[in-house]
Amino acid sequence: MSANVAFTFRVTGIEDEARAQAVVEELRELMRDESIGRQVTVGIRQEDGVHVVTGGTDFPLSVSRAHLWCPEFEKSVAWYAKEAAPSAVCAVEWSYPDEQR
38 MSANVAFTFR
48 VTGIEDEARA
58 QAVVEELREL
68 MRDESIGRQV
78 TVGIRQEDGV
88 HVVTGGTDFP
98 LSVSRAHLWC
108 PEFEKSVAWY
118 AKEAAPSAVC
128 AVEWSYPDEQ
138 R
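With this note's numbering, the residue at position 27 of the sequence shown is 64, and numbering never jumps.
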């Protein structure tokens with residue numbers, strides 16, 4: 038069964054701008070691998086002088102077997118981010134628009 042899901046993520050603990058850009062590239066690769074590259078925005082923000090990578094869906098995605106996919110996707114976000122910045126800390130927040138009606 039599929040579900041409509043939306044998500045945002047934040048990656049903190051990044052040492053410098055070069056590492057932040059590397060995290061962006063890694064996460065864009067993940068989005069392409071998951072075939073959602075055109076539906077997810079990924080970028081860098083500065084918060085109190087610290088580089089933070091943020092991103093999320095531009096609109097809800099229809100995901101088959103979302104109850105299995107979502108936890109695995111969270112693990113993948115962390116793994117890809119840590120490939121570029123070993124000290125990275127990742128947080129993913131989910132929303133389910135169909136349940137909010």
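Glycine residues also receive a C-beta, built at the ideal position from the N, C-alpha and C atoms.
Close beta carbons around glutamate 130, own chain, < 8 Å, minus the five adjacent residues each side: By 1-based counting over the sequence shown, the position of residue 130 is 93. Excluding sequence neighbours, glutamate 130 sits near Phe44, Thr45, Phe46.
Other residues of its chain near arginine 65: CB distance less than 7 Å, five sequence neighbours each side excluded: Taking the sequence shown and counting its residues from 1, the one referred to as residue 65 is at position 28. Within the same chain, arginine 65 has close Cβ partners Gly74, Val79.
Helix, strand or coil: which one does DSSP assign to glutamate 71? Counted from its first residue, the sequence shown places residue 71 at position 34. Glutamate 71: coil per DSSP, three-state reduction.
Extent of the continuous beta strand (DSSP E) to which phenylalanine 44 belongs: Translated into positions along the sequence shown, residue 44 becomes position 7. Per DSSP, phenylalanine 44 belongs to the beta strand (DSSP E) from 39 to 49.
Does DSSP put arginine 82 in a helix, in a strand, or in coil? By 1-based counting over the sequence shown, the position of residue 82 is 45. Reduced to three states, the DSSP call for arginine 82 is strand.
For serine 124, the three-state DSSP class (helix, strand or coil): Residue 124 sits at position 87 when you count from the first residue of the sequence shown. DSSP places serine 124 in coil when its eight states are reduced to three.
Should alanine 105 go down as buried or exposed, given a rule of 16 or more other Cβ atoms within 10 Å for buried? As a first step, residue 105 must be located in the sequence shown, where it is residue number 68. Checking the sequence shown, residue 105 turns out to be leucine, not alanine. Burial call: exposed.
Coarse secondary structure for threonine 130, derived from DSSP in three states: For the purposes of this step, residue 130 is taken as residue 93 along the sequence shown, with counting starting at 1. Before going on, a small fix: residue 130 reads as glutamate here, not threonine. The answer is strand: DSSP assigns glutamate 130 an E or B state.
Using only CA atoms, which one of Glu136, Glu62, Ala57 lies nearest to alanine 125? Within the sequence shown, residue 125 is the residue found at index 88, counting from 1. Comparing Cα positions, the closest option is Ala57.
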